[in-house]
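Residue numbers (the UniProt record's numbering), protein chains in the order written: chain A, 1 to 259; chain B, 1 to 259; chain C, 1 to 259; chain D, 1 to 259.
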């Protein structure tokens with residue numbers, strides 16, 4: 001599967017501000033970057049650093065006036081698509097060290113509060129089957145409502161309100177998985193089939209010795225997503241962080257399957 | 001400076017539970033482990049994995065009945081003790097990639113909320129001088145009250161309540177630093193001069209190209225601490241995490257300077 | 001049904017502090033105070049004011065040293081025991097003015113967040129039947145765990161954690177009712193059958209033109225409770241509020257059925 | 001002082017919904033309603049009930065389609081304008097019963113958390129002088145930023161963020177007052193001098209045996225406001241509450257001094 005992806009972001013900046021941009025499909029074994037062009041215009045500086053878990057780059061920029069970002073890439077997905085529902089939980093003492101942080105509570109995922117719910121509702125199955133049941137439970141009980149959450153909304157709120165956007169679905173999914181002692185992180189992606197098309201966020205769980213994508217919204221398939229960034233939750237995967245005042249003018253993402 | 005350290009932890013476990021122990025002084029360049037003995041008794045398994053930022057090890061255990069941990073070490077501190085107040089802030093685009101996560105909000109450190117306070121109160125100084133002023137502000141305005149916080153208490157609560165224990169002081173310090181776009185993490189340590197003696201937690205900020213310890217409680221000095229673990233906040237540096245029911249029977253830490 | 005009730009509270013106060021005591025069974029039509037004795041020792045002052053909704057009295061005291069409260073009463077319950085499950089919801093425009101505040105969100109009952117859950121889970125029934133289904137749902141899904149909550153715990157936490165003590169059960173019950181636009185308040189009571197015996201808290205909902213007691217813990221029956229105080233949530237019905245430092249030494253409640 | 005007030009609210013409703021409207025200047029001794037016209041169009045029903053503390057009316061409506069509310073009144077303010085800064089705190093045991101609820105924590109005002117801050121910062125003055133210092137502190141340290149808060153924002157957030165709109169200023173003012181054991185409530189008002197002109201919210205504190213208006217934003221004067229409603233916090237004084245989906249089309253308030 002090859003995905004042709006474009007992203008256009010236009011912002012008004014005023015005085016020069018430091019910005020962190022994180023919008024490129026990551027160059028990692030599971031997805032081949034066939035070609036890529038990123039144009040951010042002239043900047044005071046432009047620097048790349050490896051992002052969380054060495055997946056993708058964070059790009060630092062500094063400029064004022066107007067920022068017009070144009071990104072275009074073709075990515076060939078070569079992901080292992082084993083059905084995670086068939087996989088076993090990795091015993092805790094065999095977890096790779098770098099996955100352990102994804103058992104911990106994070107900004108939007110106070111996972112420990114969900115321990116009793118997870119035991120009560122999903123206590124009869126384990127590993128990938130448990131993750132599958134959690135995912136289905138979320139999709140069944142939640143309603144996707146654009147604009148129903150904001151930068152303050154955490155998994156606790158979403159779980160009670162039973163609605164949200166992709167990041168909220170992912171936060172609840174991540175929290176439930178961690179409450180079952182299964183490492184879980186959030187992933188920002190470009191994905192086919194997202195309506196309305198935009199940056200998308202899904203969960204990823206560590207089962208059977210590898211990470212597996214799980215989309216509780218049901219909109220995207222693991223084989224049809226290009227990963228941008230991973231993190232503990234939305235606090236880590238913002239596609240644009242400004243250290244100063246900015247105003248969004250326009251944002252447009254397209255994702256298409258190509259031959 | 002050499003520190004002789006002991007820790008004794010006794011827990012009642014009942015049925016076998018998975019446990020994560022994180023109490024050893026880390027073997028890192030800035031502190032030489034002269035000798036160390038860790039005794040956890042017989043376990044179903046015992047596994048070590050590298051912890052956050054490759055500083056120290058997390059140890060996985062599984063056992064039931066009673067857990068009696070005895071740890072003894074001598075650590076020679078060889079830390080660079082440059083006064084952080086004299087150091088410059090690293091421009092964001094020159095931050096090493098692995099420090100960037102420490103600008104983000106975390107479970108107990110919703111740093112963005114403090115941006116206006118930090119600008120108003122500390123806007124006239126930069127870098128290490130700013131960190132110094134923040135530290136002094138916390139020490140002046142806060143009261144150390146044992147038992148005044150719990151596992152739910154975050155920097156927002158502590159900032160308003162103006163009291164807490166070491167982890168709360170560290171959470172506020174970390175939040176203020178991040179709100180000034182200076183990477184900041186929490187560090188669990190064994191430290192001289194902590195009253196009552198116990199595991200201690202302090203902040204660490206990235207200034208002048210390196211990490212520097214900052215104790216807002218004023219109890220411990222950078223040259224008299226042995227680092228155990230680092231993390232985004234207390235969610236990452238728990239010295240004992242149990243995946244099941246346990247009861248603490250006894251906990252005792254000693255730290256002494258030795259020749 | 002007559003209840004013989006005693007309460008003994010012993011506190012160490014140090015310097016004189018202002019105290020608000022709220023422990024007497026209320027003299028209201030639905031319960032006849034057959035006899036009552038309240039002894040609080042010598043105080044700098046002792047003043048009574050009518051409490052929330054004119055149900056019961058708040059008593060202001062000021063004293064130092066030690067406070068020993070002894071209260072003893074016999075109350076004859078004459079409450080209308082119509083099964084609330086058979087009653088209709090009062091149309092909003094016919095709600096008495098003083099009940100409307102009990103539709104609003106309060107400190108521990110952020111009811112609006114529960115609107116979708118309530119529609120999804122209980123949308124097929126109305127009025128008293130809906131309240132009954134909510135109550136049963138809570139009792140089925142929650143576990144009563146002494147010490148599992150504290151003064152910070154709200155209905156959002158309890159709903160996710162699925163455990164708590166009587167006040168937590170009441171907060172969730174109140175929140176669900178308000179989310180269905182049915183006025184709901186909390187009531188502190190002396191009740192038969194509470195294990196361990198202590199002050200108890202239940203919900204009360206406005207159905208069919210009157211208030212009806214609902215105990216989601218299932219421990220107490222409407223005909224076997226003596227009301228002490230009502231309020232929006234636990235913030236209003238504290239049995240002892242101290243405006244200064246105090247230490248609890250002893251607290252004992254007994255409730256018995258008498259001929 | 002006479003105020004000529006108009007309010008126009010236009011909403012799109014779709015299917016018929018229950019609505020609670022609370023926008024009329026209250027008919028209370030301190031302000032004479034010289035004349036008033038309220039036009040809400042045709043409704044399925046229209047019912048008035050006395051609001052919190054018998055100040056003003058809540059109006060229940062039910063209608064679908066479009067709601068166009070037009071309100072016009074002239075109010076003569078006859079308020080006692082004693083400077084609250086000169087007044088004494090009422091000893092707690094002399095507080096009228098109905099003021100005691102305003103010492104308690106509420107949805108947006110978790111006042112107990114502010115006790116240490118209030119002691120540290122304002123511990124050297126009492127009564128009205130203390131309230132005055134609190135008010136000045138808020139005005140000095142906060143910035144009024146339209147759109148900086150939402151329905152989730154409480155006094156804890158605002159205190160840390162040091163910004164907000166009128167309701168946030170009022171919530172912090174109310175919280176600080178209650179933390180000093182001075183009854184405090186929120187009041188929605190029409191006020192001269194509010195920029196941009198809109199419904200306004202201020203605090204009211206109980207000093208010297210009466211309620212006194214306090215505007216921490218500094219925009220409105222006690223003698224130039226017409227009270228609409230009082231409550232524990234913003235949860236009680238919403239000018240329009242819809243029990244169903246609605247969309248705001250237009251809202252306009254004017255307040256002018258007239259001869």
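Just so it is clear, CB atoms sit at the ideal spot from N, CA and C, and this is done for glycine as well.
Everything numeric in this text was worked out from a predicted model, so none of it was measured.
Starting from the Cα of residue i, find the closest Cα among the options and give me that residue.
i                      : options                    : result
residue 258 of chain A : A:224, A:52, A:249, A:252  : A:224
residue 218 of chain D : D:115, D:170, D:230, D:233 : D:170
residue 50 of chain B  : B:150, B:60, B:101         : B:60
residue 216 of chain B : B:166, B:17, B:229         : B:166
residue 144 of chain D : D:156, D:128, D:164        : D:164
residue 103 of chain B : A:243, A:252, A:254, A:23  : A:243
residue 233 of chain B : A:118, A:150, A:101        : A:101
residue 182 of chain C : C:129, C:168, C:20, C:30   : C:129
residue 148 of chain C : C:160, C:115, C:1          : C:160
residue 105 of chain D : C:36, C:151, C:199, C:200  : C:151
residue 53 of chain A  : A:113, A:172, A:186        : A:186
residue 228 of chain C : C:220, C:245, C:200, C:214 : C:200
residue 178 of chain B : B:120, B:29, B:44, B:110   : B:110
residue 70 of chain D  : D:19, D:98, D:62, D:23     : D:23
residue 123 of chain A : A:153, A:180, A:98         : A:180
residue 32 of chain A  : A:220, A:79, A:136         : A:79
residue 253 of chain A : A:245, A:220, A:194        : A:194
residue 204 of chain A : A:47, A:198, A:188         : A:188
residue 240 of chain C : C:146, C:118, C:40, C:76   : C:40
residue 47 of chain C  : C:76, C:20, C:141, C:237   : C:20
residue 142 of chain B : D:116, D:36, D:141, D:4    : D:116
residue 76 of chain B  : B:5, B:153, B:134          : B:5
residue 73 of chain A  : A:230, A:245, A:198, A:226 : A:226
residue 1 of chain A   : A:30, A:55, A:26           : A:30
Per DSSP, which one or two residues make a beta bridge with residue i?
i                      : result
residue 22 of chain D  : For residue 22 of chain D, which the question treats as bridged, DSSP gives no partner whatsoever.
residue 2 of chain B   : B:76, B:258
residue 250 of chain A : A:10
residue 226 of chain D : D:190
residue 31 of chain C  : C:28, C:77
residue 236 of chain D : None; residue 236 of chain D has no bridge partner.
Which residues in the same chain as residue i place their Cβ atom closer than 6 Å to its Cβ, once the five residues preceding and following it in sequence are excluded?
i                      : result
residue 96 of chain C  : none
residue 251 of chain A : 9
residue 132 of chain A : 85
residue 312 of chain B : Given that chain B is displayed from residue 1 to residue 259, the structure contains no residue 312 of chain B and the question cannot be resolved.
residue 15 of chain A  : 64
residue 247 of chain D : 12
residue 7 of chain D   : 23, 71, 253
residue 58 of chain B  : 20, 22, 49, 51
What does a CB cutoff of less than 7 Å around residue i pick up in its chain, not counting 5 residues either side in sequence?
i                      : result
residue 127 of chain C : 87, 88, 89, 207
residue 65 of chain C  : 13
residue 38 of chain A  : 24, 71
residue 197 of chain C : 253, 254, 255
With a threshold of 8 Å on Cβ separation, who are the neighbours of residue i within its own chain once the five nearest residues in sequence on each side are excluded?
i                     : result
residue 81 of chain C : 222, 223
residue 43 of chain A : 61, 62, 63
residue 83 of chain D : 128
Within 7 Å of chain D by C-beta, residues of the segment 147-174 of chain B in sequence order: Here the close residues are 156, 157, 159, 160, 161, 162, 163.
Chain D contacts made by the segment 104-121 of chain B, where a contact means CB separation under 7 Å: Listed by position along the chain: 113, 114, 116, 117, 120.
Uninterrupted alpha helix (DSSP H) stretches inside the segment 63-136 of chain A (no shorter than 4 residues): Runs of the alpha helix (DSSP H) inside the segment 63-136 of chain A: 115-122.
Members of the segment 4-27 of chain A near chain B, C-beta cut-off 8 Å: Going along the segment 4-27 of chain A in chain order, one finds 18, 20 with a Cβ nearer than 8 Å to chain B.
Unbroken stretches of the alpha helix (DSSP H), 4 residues or longer, contained in the UniProt domain "Transglutaminase-like" (158-218) of chain C: List check, alpha helix (DSSP H) in window: 166-179.
Contact set between the segment 226-258 of chain D and chain C, restricted to residues whose Cβ is under 7 Å from the partner: Answer in chain order: 235, 236, 243.
Members of the segment 126-146 of chain B that neighbour chain D once the beta carbon cut-off is set at 8 Å: Listed by position, the residues of the segment 126-146 of chain B near chain D (Cβ gap below 8 Å) are 141, 143.
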